[in-house]
Amino acid sequence: MMRAAAIALLLAVSPPAAGQDGSNGGATAEFRVTRFDPADRPSPTFRVGSTDSRVEVEVPLTYIAGPHQAPLRDGRFLDFWRGDAEKPEITLSLAEAERKDLLLIFFPKDDTYHVVKVHAPSTRIRGGDRYIVNATRTELAIKLGDGAPLFVASGKTGLLRGPRSADAVSLPVLISLKKDGEWKLASTENWPCDPRFRKYLFAYISPRSRHLVFHSVSERL
363 MMRAAAIALL LAVSPPAAGQ DGSNGGATAE FRVTRFDPAD RPSPTFRVGS TDSRVEVEVP
423 LTYIAGPHQA PLRDGRFLDF WRGDAEKPEI TLSLAEAERK DLLLIFFPKD DTYHVVKVHA
483 PSTRIRGGDR YIVNATRTEL AIKLGDGAPL FVASGKTGLL RGPRSADAVS LPVLISLKKD
543 GEWKLASTEN WPCDPRFRKY LFAYISPRSR HLVFHSVSER L
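Letter by letter, the sequence shown follows residues 363 to 583 in our numbering.
Below is the structure:
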């Protein structure tokens with residue numbers, strides 16, 4: 363199971379709204395969805411949007427789904443509903459700048475989900491780049507090729523830049539974890555960097571092997 367203390371630091375979700383009615387003010391959000399779940403539970407399905415206009419959204423584990431488009435309640439709130447509940451299970455407050463190029467990452471928490479918002483225009487997360495989520499309980503360092511290492515604290519995120527190359531390349535990677543105040547090499551690998559794809563990597567300690575592993579989701583640009 364993922365570490366709750368680490369994931370809690372990542373969460374940027376508003377509490378469910380007390381009411382569900384009201385005009386959406388004509389505002390909509392365009393978004394994509396994926397999730398992180400080492401337990402590999404069935405993909406949840408939500409109805410998203412205002413009371414009178416909702417779209418059905420399934421949240422997959424191994425790929426990014428969308429883009430989806432849904433109306434915002436009161437011109438600001440994106441509601442996620444399941445079953446016949448009278449209140450939305452999840453409500454996100456979206457600033458105007460977040461209503462496009464938005465990736466929503468779902469993390470299971472008890473019987474529901476917390477959602478992390480990632481503003482992901484192609485100018486910010488480019489082809490060959492990797493968006494790192496550190497779900498371990500310690501600091502993580504990743505050194506790609508000859509580049510400077512990227513340090514990501516527990517429960518935080520970081521952006522690992524890929525080479526600015528028109529061709530796909532494979533680069534050596536050194537991955538280290540900080541244990542008892544010292545850096546310990548956890549893995550040496552070769553990572554492909556393709557300008558046609560960007561990736562989202564979730565670092566966590568496998569509950570089975572107790573070793574560092576990555577859950578990877580790719581997105582074609």
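Heads up, the beta-carbon is just placed ideally off N, CA and C, and yes, glycines get one too.
Being a predicted model, the structure only gives us computed values, none of them experimental.
In angstroms, rounded to a whole number, what distance separates the CA positions of residue 437 and residue 389? 5 Å
Does the Cβ-Cβ distance between residue 410 and residue 421 come in under 7 Å? no
Tell me the residue span of the beta strand (DSSP E) that contains residue 541. 531-541
Compare the C-beta of residue 550 with all C-beta atoms of chain C and state if any pair is closer than 7 Å. Structure shown: chain C not included; a single protein chain is present.
Just to confirm my understanding: we take residue 554, look at its own chain, exclude 5 residues before and 5 after, and list those with CB closer than 7 Å. What are they? 530, 532
Tell me whether residue 459 sits in a helix, a strand or coil according to DSSP, three-state version. helix
For the beta strand (DSSP E) holding residue 498, just list the boundary residues, first then last. Note, residue 498: premise wrong, no beta strand (DSSP E); not H, not E.
Grab me the residues of residue 570's own chain with a C-beta within less than 8 Å of its C-beta, minus the 5 sequence neighbours each way, in chain order. none
Who are residue 479's beta bridge partners in DSSP? 466
Mind checking who residue 430 pairs with in its DSSP beta bridge? 393
Rounded to the nearest angstrom, what separates residue 470 and residue 510 at their Cα positions? 33 Å
Rounded C-alpha distance that separates residue 415 from residue 477: 21 Å
Pull up the distance between the alpha-carbon of residue 548 and that of residue 496, whole angstroms please. 14 Å
In the structure shown, what three-state DSSP assignment does residue 520 receive? strand
Quick one: grab the DSSP three-state call for residue 506. strand
Cutoff 7 Å; reference residue 442; Cβ partners in own chain excluding five residues on either side: 408, 410, 450, 451, 452
The beta strand (DSSP E) enclosing residue 544, as first and last residue numbers: 544-555
Top-ranked residue by Cα proximity to residue 402, from 577, 412, 440: 577
Pairwise C-alpha distance: residue 419 and residue 551: 35 Å
Output the distance between the C-alpha atoms of residue 493 and residue 454, rounded to the nearest integer angstrom. 21 Å
Just how far apart, CA to CA, sit residue 501 and residue 397? 22 Å
Helix, strand or coil: how does DSSP classify residue 417 here? strand
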